[in-house]
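Per our numbering, residue 142 is the first one in the sequence shown, and the count goes up by one each step. In what follows, a single structure is set out as structure tokens and then discussed.
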Amino acid sequence: MTLVYLEGTLLLSWYLRAMGMKIGKRVVLGPGFAQVVDPDMLIVEDGATVSAMFQAHTFEDRVLKMDYVHVRRGATLGTASVPLYGADIGAGAYVAPHSVVMKGEHLLPGVRYAGAPTGIGAKEYSPQSHGDTEKNNVKSKARDHGGGGGHGGVG
């Protein structure tokens with residue numbers, strides 16, 4: 142029997158737990174988990190949404206290197222994102238589809254990441270917690286780059 146038929150069912154989570162994967166409550170597993178390698182090196186906490194291609198081990202210069210991949214509570218790994226061994230995805234973090242989380246990288250909680258390698262995409266913020274600093278940053282960037290002057294690029 143192939144595990145592809147278990148995708149989208151509760152039986153796949155049961156099977157992966159039996160193989161050593163630590164899966165929390167209310168975790169959403171996207172397609173591809175029937176092909177997961179190293180399930181015993183994966184930790185996915187409560188409420189996470191995961192649709193990634195995990196790489197918990199590599200061979201570098203003929204040396205096997207491996208470490209846990211930890212997805213914290215409420216984090217999201219987009220379709221075909223690739224977290225490498227040692228990656229720690231912070232609680233509530235969002236990793237965009239097709240992004241690569243480098244080995245040993247620790248992503249901050251509640252931050253959006255994108256790219257290969259990942260970089261901060263758009264940080265979630267509330268005006269109450271940041272005051273007018275966001276507005277001041279926009280003004281200073283416009284001033285530094287000649288924004289709004291209409292001088293045709295000659296300074």
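We treat Cβ as the ideally placed atom computed from N, Cα and C, and that holds for glycine. Quick caveat: nothing in here was measured; it's all calculated off a predicted structure.
Work out the CA separation of residue j and residue i for me, nearest whole Å.
{"i": "Pro180", "j": "Asp208", "result": "12 Å"}
{"i": "Lys166", "j": "Gly245", "result": "25 Å"}
{"i": "Met182", "j": "Gly233", "result": "21 Å"}
{"i": "His198", "j": "Asp229", "result": "15 Å"}
{"i": "Leu144", "j": "Val169", "result": "17 Å"}
{"i": "Tyr266", "j": "Val252", "result": "Because Tyr266 sits at a pLDDT of 37, beneath the cut-off of 50, its placement in the model cannot be relied upon, and the following sentence gives the value as read from the coordinates. Distance between the alpha carbons of Tyr266 and Val252 is about 9 Å."}
{"i": "Ala201", "j": "Val178", "result": "Residue identity check: residue 201 is Glu in the sequence provided, not Ala. Whole-angstrom Cα-Cα distance: 17 Å."}
If I'm right that residue i touches residue j with Cβ under 8 Å, what's the distance once you round it to whole angstroms?
{"i": "Ser240", "j": "Gly256", "result": "6 Å"}
{"i": "Lys163", "j": "Ile184", "result": "4 Å"}
How would you label residue i, buried or exposed, when you count the other beta carbons within 10 angstroms and need 16 or more for buried?
{"i": "Gly149", "result": "exposed"}
{"i": "Gln176", "result": "exposed"}
{"i": "Leu225", "result": "buried"}
{"i": "Lys264", "result": "At Lys264 the pLDDT is 49, less than 50, meaning the model places this residue with poor confidence and gives no usable figure here."}
Sorted by chain position, which residues of the same chain lie with C-beta nearer than 8 Å to residue i's C-beta, five sequence neighbours on each side aside?
{"i": "Tyr254", "result": "Ala234, Tyr235, Val236, Ala237, Ser240, Val242, Leu248, Gly260, Ile261 and Gly262"}
{"i": "Gly171", "result": "Thr190, Val191, Ser192, Ala193 and Thr220"}
{"i": "Arg203", "result": "none"}
{"i": "Thr217", "result": "Ala189, Thr190, Val191, Ala234, Tyr235 and Val236"}
{"i": "Leu151", "result": "none"}
By Cβ distance, which residues of its chain are closer than 6 Å to residue i, with the 5 residues on each side in sequence left out?
{"i": "His211", "result": "Ile184 and Asp229"}
{"i": "Met160", "result": "Pro180"}
{"i": "Arg214", "result": "Glu186, Asp187, Gly188 and Ala232"}
{"i": "Pro258", "result": "Val241 and Met243"}
So, at 7 Å on beta carbons, what are the nonlocal neighbours of residue i in its own chain, with the 5 sequence-adjacent residues on each side left out?
{"i": "Phe174", "result": "Glu148, Leu153 and Leu157"}
Under a CB-based cut-off of 7 Å, is residue i close to chain C?
{"i": "Thr199", "result": "Among the chains in the structure shown there is no chain C, since it carries only a single protein chain."}
Does the stretch 186-201 come into contact with the stretch 217-235, if we say contact requires no fewer than three beta-carbon pairs (one atom in each stretch) closer than 8 Å? Taking 8 Å as the limit for Cβ pairs, the verdict is that the stretch 217-235 does touch the stretch 186-201.
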